[in-house]
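Residue numbers (the UniProt record's numbering), protein chains in the order written: chain A, 1 to 539; chain B, 1 to 419; chain C, 1 to 521. Here the structure is laid out as structure tokens; the discussion comes afterwards.
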Amino acid sequence: MKAWDAIIIGGGHNGLVNACYLQRAGLDVLVVEKNDWVGGAATSRELTPGFLYSNCSYVCSLFRPEIMRDLELPRFGLQVISYEGGAVFTRDGDYLANYRDHDAHRREFARFSKRDAEAYDRYARDVTRQCRFIQPLLMRTAPDPTSLRPRDLGELLYLGKKFAGLSAQEMALTLRFWTMSISEFLDEYFETDVIKANFALSGIIGTALGPMSPGTAYVLLHHYMGEVDGSVGAWGYARGGMGAVTKALAASFKASGGTIRTGAEVDHVLVGRGKAKGVVLAGGEEIYGKLVVSNADVKRTFLKLVEEKELPDIFLRRVRNFKIRGSSGKVNIALDSLPEFPALPKDSPVYRGDMHFTDSMERMERAYDDWKAGRWSADPFLDMVIPTTLDPTMAPPGKHFMSCFVQYAPPRIAGAEWTDADRDGFAESVISQIAEYSPGFRDRIVHMEVRTPRDIEAEVGLTEGNIFQGELTFDQLLFNRPVPGYAQYRSPVGGLYMCGSSTHPGGGVMGAPGRNAAAEILRDLAKSTSHMSPAHDVI
Amino acid sequence: MAQAIRKKPVSKSVNAAVSARIAAQDHFRTLRLGTPFQPRIDALAKTQDWYNWAGCRAPHSLWDEELEYFAIRSQAALFDISPMTKYRIEGPDAEAFLDRVTLRDVTKLKPGRVHYTAWCDDEGFVLDDGTLFRLSPKRFRLCSQERHLPWLLDSAIGFDVTVEEETEAVAGLALQGPTSFAVLRDAGFAGVEKLKIFDLADFPHDGGTVGISRTGFTGDLGYELFVPADKALSLWDRLMKAGVLRGIRAIGYTALNRARLEAGLIVANADFTTAEHAIRADRLRMPDEIGLGFMIDLEKGHFNGRRAILETRAKRKLRHMLVGLEIEGNIPAEHAIVYHKKSQEVGLVSAAMWSPMAKRNIAIASLARPYGDTMVEDLWVEIYAMRELQYQKLMKRAKVVARPFIKLDRRTANPPADF
Amino acid sequence: MTSSDAIVIGGGHNGLVAAAALARAGRKVLVLEAGSEVGGAARTEEFAPGFRVSSIAHLLNRLHPDVMKTLELDKHGLQFARANFMPSVALSRDGPPLVLHGAYGEVLTGASSSEQSAWKELRAQLLRYAGILKPFLSGRPPDLAGMSLLDTASLGQTALALKKLGKEDMRDFLRVLLMNVADLLDEQLADIRLKGLLAFDATLGSHLGPRSPTSLLGLYYRLAGETGGAAGAQILPQGGMGAVVAAIRASAEKAGVAIRISAPVAKIIVENGRAVGVALDNGKVLHARTIVSAINPATTFLDLVGPREINTGFVRKVKNIRMKGDAAKLNLALDRPPQFTDVDAAGHKGRLVIAPSPDHVERAFNPSKYGEFSPEPVMEVTLPSLADPSLAPSGACVLSAVVQYAPYALKEGWHAGKPKFLKAIMAQLEAYAPGIGKSIVHAELLTPTDIETRYRMPGGHWHHGELQADQMLISRPVSGWSGYDTPLEGLFLAGAGSHPGGGVSGAPGLNAARRIIAMKG
């Protein structure tokens, strides 16, 4: 019976990145994916004829350029197009737009407040300084602060040196920044509510926190660290939908000799004498491998795929305590024509960017209060994009695909499972919000897919529908991610590794966990990592 | 479980402020605004060579950058300075406020006078430099390269003063060159001959007034004029008409930039990085590090950054030095690296040119102390001169020299020269 | 006018501690108190004829041992007997309460046996972790940028203490340090009464809910305090909080401190970047080598020094200190002691907490984010006259409660909101102590705006600045100036707005005095 060099459980983007790097290091790698398609949460699916849906992840900015280059993703079809703008619609019939042009951006802010318009540069400087501090950490394995091994000490020293390299003011800001709420942070720069709401959204997307929760300033960074072709902080679409990312990864993997089996759900990991030996599929088929890498989240991996007796109690306790509460849903809509927003001039670039309707911090925070109480938000926060305005290939000519990321949606409704009626109510909260700003919107809808955390868990396998495979709070970052003591992609089971977003540096279609895990695996195998680019310089 | 939707209908009642805000939406269609003088400048712009000055469409040159430079030095050159950031600072505490914000002693700045100054953050790092116009005992105008409204407003806490941004409301022109006085006099600005260097006065124009100061950025005889935007075109026409016989020419920034370099003047975010824009902490500069130490007035009361500046001086922790260089040969050394003994990197040239007036190859450079300070010997610049797709690398000797590189008597002569 | 070496502005407990410590080091010290008596928010006041109560702080749970020792407070009438440690009673609407006895629950009653062992474990863990942070209370925060040998050594000691925890414990410490309290409680406990109590204690005095990340720090802060050598212990001082201040005052005066009451300072006089004296409201000018401000940092810099003498960036930082209080103080004069359902006599002498679950506390917190008060507020209630009959007429009873959340900036304004909030509080009290409403002789509710005016605490915030992670340690009161020094030579801060924060600990005052002595001020 064949034994693969490595079996990757789950063909999400991190699983595929991991597989690509291992295959390119000369390993014989098999990816097993439960769905009939690969991609995990980064897929494009034709859910109604002629329309491609980026039905989970919808924005491509965090994906590390080093990985795109190493794995030759452009050759396999990946192309990223920058957003042209964005806006928050206000209740008084106006909007606040974000423009790419620096001066237009300032003039737009000046419509609301001259002071805020001129405050932007200092804000951008301070956030950029923080990003520059964090960015190099993405592509490194977090050190174990309790360890005295030279590598961990070296990494700790690196962190210490980086921190010591900051000026006194930067240090102070860094410490405050990591523990502040985005709302408080913005209060120190801006006076206008809608301008704060405009920036605050990056502090909450994907989290189970509100803009007034401490720690959300850091989340803002997590979303700013992205770049589209050197333009830091820019967000963009993958041409052909987010599936283009994983499609390119799969093609790159296959081109280097890798094997993918779809429709192959793993029932459990085969463990013998404390070592992973392969996987058993749902049908009972056993596949052997010298090592197993799980792209599934840490809870799914260790509470469902590995038998309890193989794991130390303290590890199990920590895995059980891992916070992975889903907080968002998606409503994906096929439209027979471009919706109109009377507030927005017809030639506005905002149509080719992201649109929002939450124009105050209070509305955003109240949406979060609903989540805490186990309800979907009555007045939800939407991150709405129409990718077909920039990528017409995703829908028939003149028709459009709209993606609405919706926050907040709890994993369970008041402690009970979501019902279909709940799902309809959730969808209605979204549609009615859009329709308020876009008359006739309902009539343009051709097809709609509603995805609650329950649906996301069922289809993609993300526990509780959490898009980051675990919340991004300090207790779950760096050496605490996913759990203390196992933040270096390894697990208590020999030969069983983790490579999903549950691991450092976390979620978003970034690819860094998959890459970093590959580096650790190759290190254990004493194989070369020369095919892996180091993190790009931050100069 | 059914759940109610929290309906908050989009408000239909639109008040005046909101309508004004909505009316301003369409700026996104014009990414580079015109200044109040734009119709005249557009008509003269033969080269159509534009750049972005603070969001405005400003000319690099209009017809010939070389000849435009000579217009400054031998005739009268008209340059649109409207995009410069302007703040109106007014109130009983305006003087005390500015004394706290800026380095120089504002109590010594009399009404009808102008001075060149700079301001710092708490750590003593320069936020910007600019000119401060004292329009009246309680009214000032502060002009600068960058924008500072939040800083100025926060500085105003505890002072009875208002700060208003008036960049777009006020149009500005620089009229520079040996015949500039004659042009103004011929344009009918009676009494302008009384203006000594850094003097300022109001003159009637087109049913309103124009503020004229004997200031400029060229080191030459020259004036700056400020009018409300709606009187801009009539002012332009008045000057152009009066200047026909005096060789008046409109010019672009390239020419002005040469003149300012000859005059040894520095430009924010060209020769140094302003503190609110410096992402890298080592790019921050104290006044003493960019040649503005002379502004620091320790006799006056507290001002922003005072303690840090004093401490840095006392502990001899100043790290940089801005110097004028004269470089052998005639190849401009722009952005060249400065070396000590041809080997140790000690700084960077931020601006350089062959000076037609001085007939010297001049430059402004930022050096790491003690170079430029106590160590001024054996300095070299490495010039990468691109010639037909090949770098000609030159290692040239550089000498620290005093600024300005040229000194023109007519700049300060009284009465002003009537050419 | 004889001049002093040091003038201390503010005769609150921190000002008095600083003054006493300076005087003991040989300085000639004058304390200037704006009010008609010293003690600030830690006084005993008559609020209805014959009824006296501790003004804001009504429990002693963190008076720092160094303060006890340096000021020899035991010799001035302050003694802590173990027998006086107050229990905490977590009230429940659905049944009997749960009681934490001794020093923060050495013994837990009213809970299942599994919960008791879970609590034992959690309590030990919390005390261990709080113990790691405890040494920070008694010194200046480390200066990260210009690490001195001392800073490095003290951080090294913390690292050592961490190592001593053992690997797994250290890992857990690092994981939970900035966590929210609700999640931690959910991980380890099951009883919502116990969780509610802890959630309340973690968030008391702050603008956080139990689900807010970093809220666990509030619990550590509490447990880093000690009374009579026992961490987490709390007592009701005989004679009210005023008696504690009286002891501090006695110690100060014995050391030669001069105290002048009704002497509000109008201005700190600055000459050439140096604070040289103060001008009183009545125009009188007093000079001293050292000026110590034991009042609010914002008041100190924005009002007394004034922005002209300090930098814009510093003014900005001071203005950005968040200090809008969420806690109100309720004083009730009752014609007879109330009877809380299912609570025994000992319990009535304890701290009675209405915070039936973490979710309840969180729901109470929610409206405060939008400038609305909690419709179902949470509170800690004490009945001080039960143990100290001198506080009330015979047979009558004093009820003193700290109630959350009552946001300082109430949207409708406290003039309109106060009667409504009082009604909401009384509805809660009535539910737990039926009939209490009918026994009220007089009710006094101090909202944060009342507290602001009466005790000169901007925002009505007893910490003089939110005690949250981003306003702690090196960021307290503002980054760059966390070590009691200020941008003005000769001016020092010594109040709760400085590290480590508020509560009747005396630590900021003592630390400031030590700094001044070290600087030869």
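Just so you know, even glycine gets a beta-carbon here, dropped at the ideal spot from N, CA and C.
Are the CB atoms of residue i and residue j nearer to each other than 7 Å?
| i | j | result |
| --- | --- | --- |
| residue 376/B | residue 400/B | yes |
| residue 169/B | residue 94/B | no |
| residue 6/A | residue 22/A | yes |
| residue 131/A | residue 225/A | yes |
| residue 445/C | residue 422/C | yes |
| residue 117/B | residue 102/B | yes |
| residue 371/B | residue 60/B | no |
| residue 114/B | residue 239/B | no |
| residue 24/A | residue 256/A | yes |
| residue 400/A | residue 344/A | no |
Check the C-beta distance from residue i over to residue j and give it rounded, since I have them as a contact under 8 Å.
| i | j | result |
| --- | --- | --- |
| residue 197/C | residue 88/C | 6 Å |
| residue 311/A | residue 302/A | 6 Å |
Per DSSP, residue i forms a beta bridge with which residues?
| i | result |
| --- | --- |
| residue 222/B | 176/B |
| residue 89/A | 95/A |
| residue 281/A | 266/A |
| residue 115/B | 132/B |
| residue 101/C | 107/C |
| residue 267/C | 279/C |
| residue 51/B | 58/B |
| residue 344/B | 340/B |
| residue 382/A | 406/A |
| residue 4/A | 289/A |
Looking only at C-alpha atoms, which of the options sits nearest to residue i?
| i | options | result |
| --- | --- | --- |
| residue 237/B | 152/B, 224/B, 403/B, 206/B | 206/B |
| residue 240/C | 126/C, 400/C, 5/C | 400/C |
| residue 358/A | 411/A, 286/A, 404/A, 198/A | 198/A |
| residue 145/A | 152/C, 172/C, 151/C | 172/C |
| residue 9/A | 537/A, 297/A, 348/A | 297/A |
| residue 490/A | 470/A, 516/A, 450/A | 516/A |
| residue 29/A | 250/A, 124/A, 123/A | 250/A |
| residue 176/A | 149/C, 3/C, 321/C | 321/C |
| residue 379/C | 425/C, 342/C, 93/C | 425/C |
| residue 191/B | 398/B, 367/B, 202/B | 202/B |
Using C-beta distances below 7 Å, list every residue in its chain close to residue i, excluding the 5 sequence neighbours before and after it, in chain order.
| i | result |
| --- | --- |
| residue 519/C | none |
| residue 211/C | 180, 182, 362 |
| residue 49/A | none |
| residue 512/C | 18, 292, 484, 492, 493, 494, 498 |
Excluding the 5 residues flanking residue i on each side, which residues of the same chain have their C-beta closer than 6 Å to its C-beta?
| i | result |
| --- | --- |
| residue 81/B | 172, 174 |
| residue 191/C | 111, 115 |
| residue 1/C | In this prediction, residue 1/C has a pLDDT of 45, which is less than 50 and means its spatial position is unreliable; what the coordinates show is noted afterwards. Around residue 1/C: no qualifying Cβ. |
| residue 2/B | Below a pLDDT of 50, predicted positions are generally treated as unreliable, and residue 2/B, at 49, falls in that range; the measurement from the model is reported next regardless. Hits under 6 Å: none found. |
| residue 352/B | 332, 333, 334, 363 |
| residue 188/A | none |
| residue 308/B | 123, 124 |
Give me the chain D residues within the contact set of residue i, using Cβ-Cβ distance strictly less than 9 Å, ordered along the chain.
| i | result |
| --- | --- |
| residue 55/B | The chain inventory of the structure shown lacks chain D, comprising the protein chains A, B and C. |
Take residue i and list the residues in its own chain whose beta-carbon comes closer than 8 Å to its own, dropping the five residues that flank it on each side.
| i | result |
| --- | --- |
| residue 374/A | 410, 412, 413, 414, 415 |
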